[in-house]
Ligand SMILES: [Zn+2]
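Here it is in structure tokens:
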């Protein structure tokens, strides 16, 4: 079988759509007006992705406040926040360029999603002529909504985590039921868990194993056949063309991440200084049998934070090298991250989000072609 390809999930929102989110926050337009802009951008994303030859298409998260918050708020500023949440939660991450992203804070129980990703899948299925994928958020990211060191009165941490697992399971099941063929879980907090950033206390509490165990509580509710199409995405962040945890030694994460009983992984790699070391670690730690399913390593072969477009030959060479360390039947190609995980992202290294959309399509086209060339060279 040729080397499969898959994108992580997000694409830059057109500037017009980004302004629409702000206009909603300022009460200048209605949610229905914003939805029209989202639908327009989503359709454009799907049509353009289909032209790249990408196997699975998505709307590029045009309808989401962010990859982490789509289920609990309509905008990053907190318009349409779900029940029992306040705006002033923990920092999810502080990025290298100094900007940060903050999560809402749980104020009581019960914890419930207000929006499930299946709503996007239903809309996208109506537009797409190719198979549809959907990215969802992890239980471990939702875990950070609960205060770090205290118990909420009347709603224990244990009760909260039970509810989180139920909501994340439902999110995934409903995506499949709505027709998604692949569902990948964003796990960017995995690498951040070893950052020890004193400005962001949760990153100093050695929570990686807790994150993995919690996510497996969800993943283990699915059959091996279902898990073959459930993925995990890891990266050192990608927002406003900046990262949050690239200095954290990758082995700390990769030596544990494959404990997750998922069938495939979308793994940042192209922007690492030593890509071959990442291939080696993935070959060493990924499992042929993760409770009934082989783990396929989709290696990042293009870097969404850089406007420089990789050539198909570069992609081919990366995959051929990766195949020296990872069995080719368990090798795939992806991007290092989503192209814009947050709805407000001006893509400064690119000059504008509209230009970054064009660049994203060129990068995806190169990845698809490079994977085809690598497959030919490797005889698969
Ligand atoms: Zn990412």
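Residue numbers (my numbering): 1136 to 1515.
For each residue, glycine too, the CB sits at the ideal point set by N, CA and C.
Only a predicted model underlies this, so the values are computations on that prediction, with no experimental measurement involved.
What first and last residue would you give for the beta strand (DSSP E) that runs through residue i?
| i | result |
| --- | --- |
| residue 1320 | 1317–1321 |
| residue 1470 | 1466–1470 |
| residue 1402 | 1399–1402 |
| residue 1434 | 1431–1437 |
| residue 1269 | 1268–1272 |
| residue 1255 | First-last for residue 1255: 1253–1262, but that is the alpha helix (DSSP H), not the beta strand (DSSP E). |
| residue 1368 | 1365–1369 |
| residue 1226 | 1226–1229 |
Do residue i and residue j have their C-beta atoms closer together than 8 Å?
| i | j | result |
| --- | --- | --- |
| residue 1206 | residue 1272 | yes |
| residue 1256 | residue 1310 | yes |
| residue 1480 | residue 1378 | no |
| residue 1211 | residue 1180 | no |
| residue 1505 | residue 1440 | no |
| residue 1369 | residue 1342 | no |
| residue 1303 | residue 1274 | yes |
| residue 1405 | residue 1471 | yes |
| residue 1199 | residue 1268 | no |
| residue 1508 | residue 1187 | no |
| residue 1139 | residue 1214 | no |
| residue 1224 | residue 1295 | no |
| residue 1442 | residue 1403 | no |
| residue 1258 | residue 1176 | no |
| residue 1280 | residue 1238 | yes |
| residue 1380 | residue 1330 | yes |
Three-state secondary structure (DSSP) at residue i?
| i | result |
| --- | --- |
| residue 1357 | coil |
| residue 1214 | coil |
| residue 1201 | strand |
| residue 1237 | strand |
| residue 1190 | coil |
| residue 1330 | coil |
| residue 1161 | coil |
| residue 1221 | strand |
| residue 1459 | coil |
| residue 1181 | helix |
| residue 1347 | helix |
| residue 1246 | coil |
| residue 1140 | strand |
| residue 1454 | helix |
| residue 1477 | strand |
| residue 1152 | helix |
| residue 1279 | coil |
| residue 1440 | coil |
| residue 1287 | strand |
| residue 1447 | helix |
Looking at the unbroken alpha helix (DSSP H) that takes in residue i, where does it start and where does it end?
| i | result |
| --- | --- |
| residue 1387 | 1385–1392 |
| residue 1327 | 1324–1327 |
| residue 1294 | 1292–1312 |
| residue 1501 | 1488–1513 |
| residue 1378 | From DSSP, residue 1378 is part of no alpha helix (DSSP H); its letter is neither H nor E. |
| residue 1532 | The question about residue 1532 has no answer here: the residues shown for the chain are numbered 1136 through 1515. |
Below 7 Å, is the gap between the Cβ of residue i and the nearest heavy atom of ligand 1?
| i | result |
| --- | --- |
| residue 1467 | no |
| residue 1463 | no |
| residue 1476 | yes |
| residue 1291 | no |
| residue 1432 | no |
| residue 1193 | no |
| residue 1379 | no |
| residue 1323 | yes |
| residue 1353 | no |
| residue 1271 | no |
| residue 1244 | no |
| residue 1473 | yes |
| residue 1373 | yes |
| residue 1143 | yes |
| residue 1404 | no |
| residue 1485 | no |
Whole angstroms is fine: what's the gap from residue i's alpha carbon to residue j's?
| i | j | result |
| --- | --- | --- |
| residue 1136 | residue 1515 | 5 Å |
| residue 1388 | residue 1312 | 32 Å |
| residue 1499 | residue 1289 | 48 Å |
| residue 1465 | residue 1208 | 37 Å |
| residue 1327 | residue 1337 | 9 Å |
| residue 1240 | residue 1167 | 27 Å |
| residue 1171 | residue 1192 | 20 Å |
| residue 1197 | residue 1488 | 12 Å |
| residue 1420 | residue 1155 | 44 Å |
| residue 1160 | residue 1482 | 21 Å |
| residue 1400 | residue 1424 | 14 Å |
| residue 1418 | residue 1461 | 4 Å |
| residue 1477 | residue 1201 | 4 Å |
| residue 1366 | residue 1227 | 22 Å |
| residue 1221 | residue 1486 | 34 Å |
| residue 1552 | residue 1346 | For the chain, the structure presents residues 1136 to 1515; residue 1552 sits outside this window and is missing. |
| residue 1087 | residue 1182 | An answer regarding residue 1087 cannot be provided, because it is not within the stretch 1136 to 1515 covered by the chain. |
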